[in-house]
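S.K.: Last residue of the sequence shown? That's 518 in full-length UniProt numbering, and every number before it is there in order.
Every residue gets a Cβ at the ideal spot worked out from N, C-alpha and C, and that includes glycine.
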Amino acid sequence: YIKKFLDAGGCQDDFINLLAENYHGTAQIANLLADWLIVAGASVEEVQEIVETHLRELIVKTFDPKKADSIFSGQPPGWIEEMIAYPPWRAMFYELADKHPDCLMLIFTIKLIADSGYQAEIGSVSSACTQLEVFSKVLTTSILNYFKQGASKNDIMKVCCHSNQLYIYTQCLLHSLCEKFEPEQQRIWIKRLIQNLEIGARSSGNNIWHLVLIFMGCGKYPRIFYSLLSLLGRKALNPGDITVLYKTYSAPEPPPVKFLQIPALIEMLISAIFTCESNMSAENKPKYFFLLAYAVSVYEVWNEDTRDLLYHDELKATLLAIERIHTLCTNNIGVTITQSSFDISVLFQCIRYPVVSIGLIKWIEFCMSEKYYEKVVVEAAPLQIILLDEMSNNHPLQHELIMNLLQNLFERNYPKLNTLVELEFKKTLVDRMVHILSRGYIIPVVVYMKECMNKQITDVSLLRHFVAEVLEMIGPPYSSEFVTSMLPLVKNDEISTLLKTADQQDDVTMFLSHCEVR
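1) For Arg-307, tell me which candidate among Ile-80, Lys-258, Leu-173 and Met-368 has the shortest Cα-Cα distance.
2) With contact counted as at least three CB pairs below 8 Å, one residue from each stretch, are the stretch 272 to 283 and the stretch 302 to 321 in contact?
3) Just curious, the beta strand (DSSP E) that Val-378 is in, first and last residue?
4) Along the beta strand (DSSP E) that carries Asp-308, what are the first and last residues, could you check?
5) Return the chain-ordered list of same chain residues with a C-beta closer than 7 Å to the C-beta of Ala-34, the five sequence neighbours on each side being excluded.
6) Determine contact between the stretch 62 to 70 and the stretch 21 to 41, defined as no fewer than three beta-carbon pairs at a distance below 8 Å.
7) Helix, strand or coil for Tyr-299, going by three-state DSSP, please let me know.
8) To which residues of the same chain is residue 519 closer than 7 Å at the C-beta, ignoring the five residues directly before and after it?
9) As a quick exercise: from Lys-180, Lys-455, Pro-382 and Ile-38, pick the residue whose alpha carbon is nearest that of Thr-428.
10) Is the Cβ-Cβ distance between Leu-437 and Met-453 less than 9 Å?
11) Please classify Gly-25: is it buried, with 16 or more other beta-carbons within 10 angstroms of its beta-carbon, or exposed?
12) Using DSSP with H/G/I as helix, E/B as strand and the rest coil, what is Thr-458?
13) Of the choices Pro-222, Ile-199 and Tyr-288, whose alpha-carbon is the least far from that of Leu-237?
14) For the alpha helix (DSSP H) containing Asn-17, name the first residue and the last one.
15) Exposed or buried, which one is Ala-295 when buried takes at least 16 other CB atoms within 10 Å?
16) DSSP three-state call for Asp-155: helix, strand or coil?
17) Using the Cβ count rule (16 or more neighbours within 10 Å means buried), how would you classify Ala-40?
18) With DSSP collapsed to three states, give me the class of Ser-136.
19) Terminal residues of the continuous alpha helix (DSSP H) containing Ala-201?
20) Would you report the Cα separation of Arg-412 and Glu-179, rounded to the nearest angstrom?
21) Of all the options His-100, Glu-133 and Leu-211, which has the alpha carbon lying nearest to the alpha carbon of Leu-164?
22) Smallest Cα separation from Gly-359: which of Leu-37, Thr-318, Gln-131 and Lys-148?
23) Can you tell me the Cβ-Cβ gap for Tyr-221 and Pro-255, rounded? I've got them flagged as a contact below 8 Å.
24) In the DSSP assignment, find the alpha helix (DSSP H) that holds Tyr-478 and state where it starts and stops.
25) Quick check on Tyr-86: buried or exposed, where buried means 16 or more other Cβ atoms within 10 Å of its Cβ?
26) With a cut-off of 8 Å, do at least 3 Cβ pairs link the stretch 319 to 333 to the stretch 345 to 358?
27) Could you have a look at Leu-417 and say whether DSSP puts it in helix, strand or coil?
28) Compare the beta carbon distance of Met-486 and Val-446 with 9 Å and say whether it is the shorter of the two.
29) First and last residue of the alpha helix (DSSP H) that includes Ile-270?
30) At the level of alpha carbons, what is the spacing between Val-508 and Cys-367?
31) Among Glu-370, Glu-365, His-395 and Glu-379, which residue has its Cα nearest to the Cα of Val-355?
32) Taking just the CA atoms, how far does Trp-189 sit from Tyr-146?
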């Protein structure tokens, strides 16, 4: 520039004056201020963070995508490659990319970041999701994190449900993987992820049932397709569509059972069958029973479009159990069920079926609703609550559901009950939590009781009862996770003082001594 100025006839003195008048030295002033801050006692790291933060804010505020694209020639400038090596500057590019998704320079930079191995960071960046190559890398990383590192399902939902196109792309990929994997366990993992993504998409208000059914191959069976689409789309059962499904699946060559195994459909059937206010007609009840029993008991093996195996040996027994428990549940809400030892025997016989156990959880929720709980809690330990012990004994996979029910009942107020009756009832609930803890569901129970103590949402006597019961049944060695959760409860003087004895041979003192040795 100097040579051009002088060659064009410019005066050397004029050039010096122009340079002096227009030079601001912003970078040098910033460096000088930074040096002064360090001299004043600030650490180098603090000063660097201040400068970088302010510079990022200025860039984000004044960034012009047109100017950025005008200097972008298709090759990455060296300074971009240097910048993306540092997390703060990558974060700045993510923010800019969200604000300016059409900027070519930023699109290229996001791709460069993904190619450099940072794709795990850019799952929520809009511009990343518009580039198939970048999104594929992000999706691969998200799936691996989900299975290997136990990443939250919300993280992968955020990536895959960013748009309709990406959701369809992801589901196509997962269904393709599901067909190619040979070990059944791997297929189950993929199917669970597929269902979680479906739940995530529906929770955002999207009606994606037509896509779900198409991906399952239901389009080959038009009558089944439209009946299921009607039931699932309206979130309600109706006799017409139920009859279509019943006739199709009771035929000699029924369609694949997987169409009936959609969780939302099974949940609707369970709610209709096991709650007392269902509007099923007597004529249609057998159809509801059959469809639910078929969905949960029939197993089949397919080789492409050919069914190699159809196993339905447990269908009749499951159907009978559902019918018997339905009769008991719909005829009994309060304590009348306890008046017949035969009814109790039927309950304990049928509860070994997982679907019946799930149905009884629905029934218990209904019985303990605001409208009916006064009829149930006429004694401290109603049968409905005691049944939860048998469920937890038979069905470990239902421990979480049972614990959720216990938590909801425990945190509720019961204004229609006498205070002492309510306290004794909640003591019964604590006993159920102790029982489910004894069946292996340990950490969630202890963590919940610790939260009850921290939030002061229950009577201290109930916490004391929990601590006493747990310490009586356990013994060393204890895991670090258990000690971390249990120790605050045991150390609380208000809870444990009354549990200690003068000879220091009590469970509290021995537990604390063991923890101190650890």
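M.R.: With the given structure in hand:
1) Lys-258
2) no
3) Per DSSP, Val-378 belongs to no beta strand (DSSP E) and is neither H nor E.
4) 306 to 311
5) Val-47 and Val-51
6) no
7) strand
8) This structure cannot settle anything about residue 519, because the visible part of the chain is limited to 1 through 518.
9) Pro-382
10) no
11) exposed
12) coil
13) Tyr-288
14) 12 to 22
15) buried
16) helix
17) exposed
18) helix
19) 184 to 203
20) 46 Å
21) According to the sequence displayed, residue 164 carries Asn and not Leu. Of the listed residues, the one whose Cα sits closest to Asn-164 is Leu-211.
22) Thr-318
23) 5 Å
24) Careful: Tyr-478 lies outside any alpha helix (DSSP H) and carries neither H nor E.
25) exposed
26) yes
27) coil
28) yes
29) 263 to 274
30) 38 Å
31) His-395
32) 10 Å
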